[in-house]
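Participant: Sequences listed follow chains A and B, in order. Residues 27 to 285 in the numbering used here are what the first sequence lists, from first letter to last. Residues 162 to 267 in the numbering used here are what the second sequence lists, from first letter to last. Where is the CB? At the ideal position from N, CA and C, for every residue including glycine. Treat the numbers as computed from the prediction; the structure is a model and nothing was measured.
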Amino acid sequence: MNRLRNISLSLLAVAAFTSLAEAAEIAPGERRSGASFMSVETLAMQTDATANPGMLWVLDGEALWSRKPVAGRACADCHGDASSMRGVAVRYPAFDEKLNRPVDLEQRVNLCRVDHQQLPPLADESRDLLALTALIGRQSRGMPIETGTDSRLQTFIDKGRDAFMRRQGQLNLACTNCHDDNWDKRLAGSAITQAHPTGYPVYRLEWQGLGSLKRRLRNCMIGVRAQPYSADAPEMVELELYLMSRARGMPSETPAVRP
Amino acid sequence: MASALINVPATAKRGDIIEIKTLMSHIMETGFRHTVTGEVIPRNIITNFTCRYNGDEVFQADLFPAFSANPFISFFTIATESGKFEFQWIGDNGFQETASASIAVT
């Protein structure tokens, strides 16, 4: 409880000094991955594939990739080896022609399950869904993020950007107040960072587990005392889309480790 | 779906000091936490880890509730002969997992 109070006090302090400053976006040359704010030890954990706990989910994902459902086909039956997914995760969220809107990687996996495997969709943040997205994401490790190059996505990116700039919650803070204006400062001892989603799903030490970008976004929304979007809300995907396109060109670190 | 990540060097010279790294998938529930309705969440942890090198025990550790989830254990030993490292994790609720890795010593 004390810790919560401390966080909200420091959030209030941030609110106080940001109201004076103009929101300014980060120049491409000044962009920094969340990894550059971490301790050397945490970075070493992320880099070493045998010390990175996110790799446990990748292992699980490999098993799921080739597991045959009772009826229908395994992921591997259509896609072949998981390495064929190289370069896929760095394009998501991507435009879906059938739905006429962007879908993120979790939704794509579930669409594939429903349409091609005759399986029920996996629950949001379930171990299996995280394992599959970690496996797919891992194939693109080191590749630059390409999300948002499709021109049909532009209106959705703009909506996501609006959400990023909009003040919300009881603390009346927009994402930009912390992550554009004050990323070089600290909040209750933790680095604020620039909010580039370069390594999702990430293994967060605080969570003692792997989590999606949506889980992280819900965390932030609860932090400013706003009502978080539901997992499949279009607003959530638009925000993910904006953040990924904002990080375009930065290398993917999936599965990343964060404090 | 418990899984382990093991890192043992594939080759080593006789007498080399080698580092062995292991990571085991486990929730490590402490037994000290409560649900929103006040019930205690029962303890569920790994209690013991053992490593054998060609049958000889070279490392053993007891684990306690303060360990993080997915415990990472690393230790050193001396490469004496080619063979097999066998790892075993034992825990609450009959948890038992094994893994192994081979080394070629020249």
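So if DSSP puts Gly235 (chain A) in a beta bridge, which residue, or which two residues, is it bridged to?
Facilitator: Paired residues: A:Arg230.
Participant: What is the DSSP secondary structure of Tyr268 (chain A), counted as helix, strand or coil?
Facilitator: In this structure, Tyr268 (chain A) counts as helix in the three-state DSSP scheme.
Participant: Pull up the distance between the alpha-carbon of Ala173 (chain B) and that of Asn215 (chain B), whole angstroms please.
Facilitator: The alpha-carbon atoms of Ala173 (chain B) and Asn215 (chain B) are separated by roughly 15 Å.
Participant: Listed from N- to C-terminal order along the chain, which residues in the region 233-250 of chain A have their beta-carbon within a distance smaller than 7 Å of any beta-carbon of chain B?
Facilitator: Residues Gln234 and Gly235.
Participant: Looking at Met64 (chain A): is its Cβ nearer than 8 Å to the Cβ of Val116 (chain A)?
Facilitator: The answer is no: Cβ separation not under 8 Å.
Participant: Beta-carbon of Met81 (chain A) versus every beta-carbon of chain B: anything under 8 Å?
Facilitator: True, the Cβ-Cβ gap to chain B drops below 8 Å.
Participant: Could you run through the region 61-79 of chain A and flag, in chain order, every residue whose CB is less than 7 Å away from some CB of chain B?
Facilitator: Those would be Thr76, Ala77 and Pro79, in chain order.
Participant: State the Cα-Cα distance for the pair Ala47 (chain A) and Leu158 (chain A), rounded to the nearest angstrom.
Facilitator: With a pLDDT of 45 at Ala47 (chain A), under the threshold of 50, the modelled position of this residue cannot be trusted, and the question is left open.
Participant: Secondary structure at Leu161 (chain A), three-state DSSP: helix, strand or coil?
Facilitator: Three-state DSSP puts Leu161 (chain A) in a helix.
Participant: Just the C-alpha distance for Leu267 (chain A) and Pro227 (chain A), rounded to the nearest angstrom, thanks.
Facilitator: Straight-line Cα distance between these residues: approximately 15 Å.
Participant: Helix, strand or coil: which one does DSSP assign to Asp217 (chain B)?
Facilitator: If DSSP states are grouped into helix, strand and coil, Asp217 (chain B) belongs with the strands.
Participant: What do you reckon, are the CB atoms on Phe246 (chain B) and Val169 (chain B) nearer than 8 Å?
Facilitator: Yes, they are a contact pair.
Participant: For Asn136 (chain A), which residues of its own chain have a beta-carbon under 8 Å away from its beta-carbon, when the five flanking residues on both sides are left out?
Facilitator: If we look at Asn136 (chain A) and ignore the five residues flanking it on each side, its Cβ neighbours are Pro147, Leu148 and Leu155.
Participant: With a Cβ-Cβ cutoff of 8 Å, do Glu51 (chain A) and Asp206 (chain A) count as a contact?
Facilitator: Yes, Cβ-Cβ distance for Glu51 (chain A) and Asp206 (chain A) is below 8 Å.
Participant: Quick check on Lys240 (chain A): buried or exposed, where buried means 16 or more other Cβ atoms within 10 Å of its Cβ?
Facilitator: Buried is the call here.
Participant: Roughly how far, in whole angstroms, is the beta-carbon of Cys212 (chain B) from the beta-carbon of Phe248 (chain B), given that I think they are within contact range, below 8 Å?
Facilitator: Sure, about 5 Å apart at Cβ, within 8 Å.
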